[in-house]
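A.B. asks:
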Amino acid sequence: MNTSAAGDTAPQLAAPLIDWFATNARDLPWRRPGFSAWGTLVSEFMLQQTPVARVVPRLEEWLERWPTPAALAESSPGDAVRAWQSLGYPRRALWLHSCAVVITERHGGEVPRAVDDLLALPGVGDYTARAVAAFAFGDRHPVVDTNIRRVIARSVIGDAEPGPPSARRDLAAMLDILPHDPAAARAFNAAIMELGAVVCTARAPRCEVCPITDNCAWRGLGYPGFAGKRKATQKKYEGSDRQVRGLVLAQLRTLPADNASTLSRSRLASVWHEPTQLDRAIAGLVADGLAVESLSGFRLP
DNA sequence: ATCCTGCTGC
DNA sequence: GCAGCGGGAT
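Sequential numbering of the first sequence, starting at 1, is according to UniProt numbering.
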């Protein structure tokens, strides 16, 4: 039975990465001492598929306005969507508002610490639940984001890119190299993610400054090219329903925050030339709860 | 397997 | 231009 900190066959990544992180970590708001669990939850929502540089200013505005879940719960969902601005995937703003309501009503206003309780929150999946448990509360959990999957694929497995995501497999792979000590595990989660974000990047990895080149299976094999199946190429954004939804929502965000006024269908027609696609986009926003329809037109929830 | 936003680094 | 962003839900 293996009681060591990491699997015997796994390269010893923890020590050099934690060491590297201690002097190379970016100075980011959620890494400040005393940063709240609520702040961590908000930041992780914003960081779901949105780059760090775009998140930081929105996060600071958000936490100044809504420093606690209870404060956000008292505002309307539409205010959350407005404060989200153009971060993208605005359903996240709605889900985060729902989180605030649930946390206020069922968790005494405190962000829950247990992974199962976090997973039960709307918009919180395998990544976000464990990121909050690990980073906000210091508990030992494997955190797996797109960066970590890539670093494991390269350094541990020796592939240029990770295979298709599989929560069970990816969490197990991370658990296998996670230090046993909770504080070290927390640091390692952050460190390996940071390495993927700034050194072991998807397009142009900077292997010349990497702290784990001696333990990198991909390097050891001579940087073989990607052999697996390419993931389906994402459809063009220009002309997509996504773009139309974004244009409609941008118009709705310009309405006064009291949610008393609306935009008529004919007014919204100015944002897109094709009526069928416009109606589909509007219907989708209504179905998602991002827009509400009244007799006079549409507004934020 | 697909959908969901907006932006940027290459 | 286009892949890829500290994902999640369906």
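Idealized CB from N, CA, C, for every residue including glycine.
Please read these numbers as outputs of a predicted model, since none were measured by experiment.
Can you tell which of D258, A260, L252, S261 has the C-alpha that lies nearest to the C-alpha of L268?
C.D. replies: The count along the first sequence starts at 1 and reaches residue 268 at position 268. Ranking D258, A260, L252, S261 by Cα distance to L268 puts L252 first.
A.B. asks: Whose C-beta lies closer than 7 Å to the C-beta of P90 among residues of the same chain, with five residues either side of it excluded?
C.D. replies: Counting from one through the first sequence, the residue named residue 90 turns up at place 90. The residues are V81, W84, L249, L290.
A.B. asks: C99 lies in the alpha helix (DSSP H); which residues open and close that run?
C.D. replies: In the first sequence, counting from the first residue as 1, residue 99 sits at position 99. Its alpha helix (DSSP H) spans residues 91–106.
A.B. asks: Would you report the Cα separation of P164 and K231, rounded to the nearest angstrom?
C.D. replies: To locate residue 164, count along the first sequence from 1; it is residue 164. To locate residue 231, count along the first sequence from 1; it is residue 231. If you take the alpha carbons of P164 and K231, they lie about 8 Å apart.
A.B. asks: Skipping 5 residues on each side, what residues in its chain have a beta carbon closer than 6 Å to that of T3?
C.D. replies: Walking along the first sequence from the start, residue 3 turns up at place 3. Low local confidence applies: a pLDDT of 38 at T3 is under 50, so the model's placement there is unreliable, with the coordinate-based value given in what follows. Here the set comprises nothing.
A.B. asks: Apart from the five residues on each side of it in sequence, which residues of its chain come closer than 6 Å, Cβ to Cβ, to A6?
C.D. replies: Residue numbering aside, residue 6 sits at position 6 when the first sequence is read from its first letter. At A6, the pLDDT of 47 sits below 50, so the modelled position is not reliable and the matter cannot be decided from this model.
A.B. asks: Which stretch, first to last residue, makes up the alpha helix (DSSP H) that contains P77?
C.D. replies: Mapped onto the first sequence, residue 77 falls at position 77. Note, P77: alpha helix (DSSP H), 77–84.
A.B. asks: Does the beta-carbon of Q234 have 16 or more other beta-carbons within 10 angstroms, so that it is buried, or is it exposed?
C.D. replies: Along the first sequence, read from residue 1 onward, the residue named residue 234 stands at position 234. Under this definition Q234 is an exposed residue.
A.B. asks: Taking C-beta to C-beta, are R169 and A134 nearer than 8 Å?
C.D. replies: Here residue 169 is taken as the residue at index 169 of the first sequence, counted from 1. Here residue 134 is taken as the residue at index 134 of the first sequence, counted from 1. In this structure, A134 does not lie closer than 8 Å to R169 by Cβ.
A.B. asks: Are the stretch 30–44 and the stretch 198–208 touching, with three or more C-beta to C-beta distances below 8 Å?
C.D. replies: No, the stretch 30–44 is not in contact with the stretch 198–208.
A.B. asks: My understanding is that G39 touches L63, with C-beta atoms under 8 Å, so please give their C-beta distance in whole angstroms.
C.D. replies: As a working note, residue 39 is residue 39 in the first sequence. As a working note, residue 63 is residue 63 in the first sequence. 5 Å between Cβ atoms; contact.
A.B. asks: Ignore the nearest five residues each way along the sequence and tell me which others in A281's own chain have a CB closer than 6 Å to its CB.
C.D. replies: Here the question's residue 281 lines up with position 281 in the first sequence. Correct list, in chain order: D241, V244, R245, V248.
A.B. asks: Among residues of its own chain, excluding the 5 on either side of L221, which ones have a beta-carbon nearer than 7 Å to its beta-carbon?
C.D. replies: On the first sequence, position 221 is the one that residue 221 refers to. Answer for L221: G158, listed in chain order.
A.B. asks: Determine, using beta carbons only, whether V124 and G196 come nearer to each other than 8 Å.
C.D. replies: Looking up residue 124 in the first sequence gives position 124. Looking up residue 196 in the first sequence gives position 196. Cβ distance not < 8 Å, so V124 and G196 don't count as in contact.
A.B. asks: In the DSSP assignment, find the unbroken alpha helix (DSSP H) run with V115 in it and report its ends.
C.D. replies: Translated into the one-based positions of the first sequence, residue 115 becomes position 115. Its alpha helix (DSSP H) spans residues 115–119.
A.B. asks: Which residue or residues does DSSP assign as beta-bridge partners of R299?
C.D. replies: Taking the first sequence and counting its residues from 1, the one referred to as residue 299 is at position 299. Looking at the DSSP assignment, R299 forms a beta bridge with V292.
A.B. asks: In the DSSP assignment, what are the bridge partners of L263?
C.D. replies: Along the first sequence, one-based indexing puts residue 263 at 263. F298, per the DSSP bridge assignment.
A.B. asks: Among A37, P142, E60, which residue has its Cα nearest to the Cα of Y127?
C.D. replies: Within the first sequence, the letter at position 127 stands for residue 127. For Y127, the nearest C-alpha among the options comes from P142.
A.B. asks: Considering T40, what are the terminal residues of the alpha helix (DSSP H) in which it resides?
C.D. replies: Counted from its first residue, the first sequence places residue 40 at position 40. 37–46 is the span of the alpha helix (DSSP H), which, as asked, contains T40.
A.B. asks: Within 10 angstroms of its Cβ, does M1 collect 16 or more other Cβ (buried), or is it exposed?
C.D. replies: As a position in the first sequence, residue 1 is number 1, starting the count at 1. Any reading at M1 needs caution, since the residue's pLDDT is 32, under 50, leaving its predicted position unreliable; the model's value is listed next. So M1 counts as exposed.
A.B. asks: Expressed to the nearest angstrom, what Euclidean distance is found between the alpha-carbon atoms of P256 and I212?
C.D. replies: Taking the first residue of the first sequence as position 1, residue 256 is located at position 256. Taking the first residue of the first sequence as position 1, residue 212 is located at position 212. If I take the Cα positions, the gap works out to 52 Å.
A.B. asks: With DSSP run on the structure shown, which of helix, strand or coil describes L63?
C.D. replies: Within the first sequence, numbered from 1, the residue matching residue 63 stands at position 63. It is helical.
A.B. asks: Identify whether R168 lies in helix, strand or coil by the three-state DSSP scheme.
C.D. replies: Position 168 of the first sequence, counting from 1, holds the residue named residue 168. Here R168 sits in helix by DSSP.
A.B. asks: Rounded to the nearest angstrom, what separates A14 and A173 at their Cα positions?
C.D. replies: Along the first sequence, one-based indexing puts residue 14 at 14. Along the first sequence, one-based indexing puts residue 173 at 173. Rounded to the nearest angstrom, the two C-alpha atoms are 14 Å apart.
A.B. asks: Give every residue of the same chain whose Cβ lies closer than 6 Å to the Cβ of P162, excluding the five residues on either side of it in the sequence, and list them in chain order.
C.D. replies: Taking the first sequence and counting its residues from 1, the one referred to as residue 162 is at position 162. Excluding residues within five positions, the ones whose Cβ falls inside 6 Å are R149, R150, A153.
A.B. asks: Would you tell me roughly how many angstroms separate the C-alpha atoms of L171 and L285, rounded to the nearest one?
C.D. replies: Stepping through the first sequence from its first residue, residue 171 is reached at position 171. Stepping through the first sequence from its first residue, residue 285 is reached at position 285. Their Cα atoms are separated by approximately 33 Å.
A.B. asks: Taking Cβ to Cβ, would you say T262 is nearer than 8 Å to R299?
C.D. replies: Start at 1 with the first residue of the first sequence, and residue 262 comes out as number 262. Start at 1 with the first residue of the first sequence, and residue 299 comes out as number 299. The answer is yes: Cβ separation under 8 Å.
A.B. asks: Please tell me whether A22 and F137 are closer than 8 Å, where the distance is taken between their beta carbons.
C.D. replies: Taking the first residue of the first sequence as 1, we reach residue 22 at position 22. Taking the first residue of the first sequence as 1, we reach residue 137 at position 137. Result no, Cβ atoms of A22 and F137 do not sit closer than 8 Å.
A.B. asks: Answer with buried or exposed for A120, where buried requires no fewer than 16 other C-beta atoms within 10 angstroms of its C-beta.
C.D. replies: Taking the first sequence and counting its residues from 1, the one referred to as residue 120 is at position 120. When all chains shown are included, A120 counts as exposed.
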